Amino acid sequence: MAKVLTTKEENYSQWYNDLVTKADLAENSAVRGCMVIKPYGYAIWEKIQAQLDKMFKDTGHVNAYFPLFIPKSFFSKEAAHVDGFAKECAVVTHYRLKNDPDGKGVVVDPDAKLEEELIIRPTSETIIWSTYKNWIQSYRDLPILCNQWANVVRWEMRTRMFLRTTEFLWQEGHTAHETSEEALAETTQMINVYASFAEDFMAIPVIKGAKSANERFAGALETYTIEALMQDGKALQSGTSHFLGQNFAKAFDVQFANRNGKLDYVWASSWGVSTRLIGALIMAHSDNNGLVLPPKLAPFQVVIVPIYKNAEQLAEISVKVEQIMVKLRLRGISVKYDNRDSQRPGWKFAEYELKGVPVRLAIGPRDLENGSIEVARRDTLAKSVEQLENIDQVVADLLDSIQENIYNKAYQFRAENMTKVDSYDQFKELLVTKGGFFLAHWDGTTETELRIKDETKATLRCIPFDSVEEEGKCMVTGKPSKQRVIFALAY
3 MAKVLTTKEE NYSQWYNDLV TKADLAENSA VRGCMVIKPY GYAIWEKIQA
53 QLDKMFKDTG HVNAYFPLFI PKSFFSKEAA HVDGFAKECA VVTHYRLKND
103 PDGKGVVVDP DAKLEEELII RPTSETIIWS TYKNWIQSYR DLPILCNQWA
153 NVVRWEMRTR MFLRTTEFLW QEGHTAHETS EEALAETTQM INVYASFAED
203 FMAIPVIKGA KSANERFAGA LETYTIEALM QDGKALQSGT SHFLGQNFAK
253 AFDVQFANRN GKLDYVWASS WGVSTRLIGA LIMAHSDNNG LVLPPKLAPF
303 QVVIVPIYKN AEQLAEISVK VEQIMVKLRL RGISVKYDNR DSQRPGWKFA
353 EYELKGVPVR LAIGPRDLEN GSIEVARRDT LAKSVEQLEN IDQVVADLLD
403 SIQENIYNKA YQFRAENMTK VDSYDQFKEL LVTKGGFFLA HWDGTTETEL
453 RIKDETKATL RCIPFDSVEE EGKCMVTGKP SKQRVIFALA Y
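Here the sequence shown stands for residues 3 to 493, numbered as in the working numbering.
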């Protein structure tokens with residue numbers, strides 16, 4: 003039987019949770035707030051990882067790995083950083099267990115207390131900049147363009163798989179530069195890389211912009227973001243890139259001899275995306291039948307299901323399927339042949355629809371006679387009968403069409419849910435009745451930003467890079483404003 007989903011209209015949050023579990027992406031673990039990423043979900047992450055890794059290396063970055071544990075004293079060196087992460091840190095205090103003298107399992111050995119507590123990394127700026135001090139003496143050692151694929155821990159009270167978990171997977175780039183201009187150029191370059199990835203591979207249109215001072219990364223001088231709109235009208239921050247100035251270099255005394263022979267502090271950037279991107283894929287594209295995955299990130303792009311009554315028919319079909327698979331793979335198309343006899347074709351159709359496989363091919367004895375095959379596309383659920391002789395070209399064109407259609411649908415949804423507002427009352431009303439992105443004038447003060455958040459739960463998502471200068475008045479205070487910014491409810 004097909005796995006029944008709660009509909010988006012009935013309960014969007016439950017629909018999301020149903021999809022994560024019933025499509026075999028992830029499940030809750032024995033550790034509160036943490037998840038087990040199942041093979042199908044991890045295969046999507048591997049696709050994301052492989053493409054981003056290529057894009058990073060194409061822009062001159064290399065991968066490294068830094069420790070999971072960070073000495074507590076490191077967090078004291080950069081005041082804004084510790085303020086930003088103190089409440090989310092998991093702390094290691096002891097290094098040994100022993101048998102309980104009362105025979106009740108094991109207990110922490112009180113004699114094994116660490117001289118200095120260790121923080122499980124919530125992010126790696128501090129441990130990396132303590133390391134860069136050993137790597138950098140001269141301008142000749144710059145730039146350093148390192149990325150690491152890792153896990154981090156940020157203690158969360160309210161969790162949702164992929165979107166907000168205590169432990170999650172991500173990549174974090176940390177770069178060191180000779181000048182502020184180079185570091186800012188790096189910060190801009192990487193937010194553009196993220197935007198290209200989101201739009202070209204995830205098929206999600208995003209808005210690039212700068213965060214307000216209140217929303218910046220702890221310890222950054224500037225934070226750039228890409229913001230995506232989910233189908234429930236809420237925003238999802240989908241990647242950030244930070245200009246750190248010389249803050250961490252000064253905190254860890256990372257100086258270099260510049261071209262004039264004088265000592266100067268290094269300039270820095272950091273940037274990252276996480277498994278939250280899988281949550282974005284689910285919420286941006288999927289429907290009440292299950293996942294809708296963009297072909298470029300689907301674990302496999304095509305599934306072939308044989309229709310047969312006996313072993314002889316299956317054997318004949320399998321010979322033809324092998325030929326089809328060879329042709330598809332020569333075009334770089336990933337394909338799975340599901341010839342299990344434990345499930346009926348109808349069950350398989352429903353299962354692959356639920357899992358969002360972009361293209362499904364079904365072939366039986368009559369198709370062999372006619373030299374044809376049934377083709378079904380996941381995004382529109384449309385079916386057609388195609389000739390076998392050129393099925394590889396048909397599928398290749400169809401995958402391109404699906405990728406484009408998924409993006410266009412998401413773009414159209416965002417366009418329909420991007421609203422200009424000029425009054426605070428209008429904003430508050432539409433926030434409840436419509437949702438989406440709201441373009442509004444803001445007076446530039448943290449006080450007004452926090453008032454909006456306190457009264458409506460909406461946050462200032464970004465100050466768009468492509469925002470046109472436009473004289474106006476703040477929707478809350480009436481004070482002058484030169485451009486509109488984006489507010490939304492968010493995950």
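For every residue, glycine included, the Cβ atom is placed at its ideal position computed from N, Cα and C. Quick caveat: nothing in here was measured; it's all calculated off a predicted structure.
Contact check, residue i vs residue j, beta carbons under 9 Å
i: Leu-238; j: Met-285; result: yes
i: Glu-180; j: Asn-101; result: no
i: Phe-254; j: Ser-132; result: yes
i: Asp-289; j: Lys-10; result: yes
i: Met-477; j: His-443; result: yes
i: Phe-245; j: Ala-222; result: yes
i: Arg-278; j: Arg-166; result: yes
i: Arg-123; j: Ala-152; result: yes
i: Ile-375; j: Ala-212; result: no
i: Val-377; j: Ser-386; result: yes
i: Val-2; j: Tyr-196; result: Only positions 3 to 493 of the chain appear in the structure, and residue 2 is not among them; the question remains open.
i: Glu-229; j: Phe-439; result: yes
i: Ile-50; j: Ile-280; result: yes
i: Ala-412; j: Pro-112; result: no
i: Ala-220; j: Asp-85; result: yes
i: Glu-127; j: His-83; result: yes
i: Ile-306; j: Asp-340; result: yes
i: Thr-227; j: Arg-463; result: yes
i: Ala-66; j: Gln-150; result: yes
Closest residue to residue i among the options (Cα-Cα distance)
i: Val-94; options: Lys-10, Asn-260, Ile-72, Phe-87; result: Ile-72
i: Ser-271; options: Cys-148, Lys-436, Tyr-141; result: Cys-148
i: Glu-418; options: Ala-492, Ile-319, Gln-233, Leu-70; result: Gln-233
i: Leu-416; options: Asn-312, His-287, Pro-41; result: Before going on, a small fix: residue 416 reads as Arg here, not Leu. The residue with the shortest Cα to Cα distance from Arg-416 is His-287.
i: Arg-331; options: Val-256, Glu-188, Ile-393; result: Ile-393
i: Ser-243; options: Pro-41, Pro-367, Lys-210; result: Lys-210
i: Ser-78; options: Ala-313, Arg-379, Ile-129; result: Ile-129
i: Arg-142; options: Gln-53, Val-38, Lys-59, Gln-257; result: Gln-257
i: Glu-355; options: Glu-188, Glu-388, Asp-343, Gln-303; result: Gln-303
i: Pro-502; options: Thr-458, Gln-405, Ile-121; result: It is not possible to answer for residue 502, since the shown part of the chain is limited to 3 through 493.
i: Lys-350; options: Pro-308, Ala-300, Pro-145, Gly-247; result: Pro-308
i: Thr-177; options: Leu-231, Gly-107, Gln-248, Asp-381; result: Gln-248
i: Thr-168; options: Gln-389, Gly-175, Val-154; result: Val-154
i: Asn-407; options: Thr-382, His-96, Gln-428, Lys-422; result: Thr-382
i: Gln-389; options: Tyr-409, Ser-403, Glu-431, Lys-322; result: Lys-322
i: Glu-324; options: Glu-314, Glu-457, Val-337, Cys-91; result: Val-337
Bridge partner(s) assigned by DSSP for residue i
i: Glu-376; result: Ala-364, Val-387
i: Pro-482; result: Lys-475
i: Trp-273; result: Gly-175, Ser-243
i: Glu-229; result: Ile-209, Gln-239
i: Trp-151; result: Gln-173
i: Gly-292; result: Asp-289
i: Ala-490; result: Thr-461
i: Asn-30; result: Met-37
i: Ala-92; result: Ile-122
i: Val-304; result: Val-337, Val-361
i: Glu-224; result: Phe-245
DSSP state of residue i mapped onto helix, strand, coil
i: Arg-166; result: strand
i: Phe-203; result: coil
i: Asn-419; result: coil
i: Arg-156; result: coil
i: Gln-139; result: coil
i: His-83; result: helix
i: Gln-53; result: helix
i: Lys-557; result: Since the displayed the chain opens at 3 and closes at 493, residue 557 lies outside it and no answer follows.
i: Leu-265; result: strand
i: Asn-19; result: helix
i: Gln-193; result: Sequence check: residue 193 is Ile here, not Gln. Helix, per DSSP.
i: Glu-180; result: coil
i: Val-64; result: strand
i: Ile-121; result: strand
i: Lys-115; result: strand
i: Tyr-134; result: helix
i: Gln-257; result: strand
i: Pro-145; result: coil
i: Val-110; result: strand
i: Pro-69; result: coil
i: Leu-356; result: helix
i: Met-3; result: Below a pLDDT of 50, predicted positions are generally treated as unreliable, and Met-3, at 44, falls in that range; no measurement from the model is reported.
i: Gly-348; result: helix
i: Glu-318; result: helix
**Report entry** Every unbroken alpha helix (DSSP H) inside the segment 384-468 [4 residues or more]
**Finding:** 393-418, 426-435, 448-458
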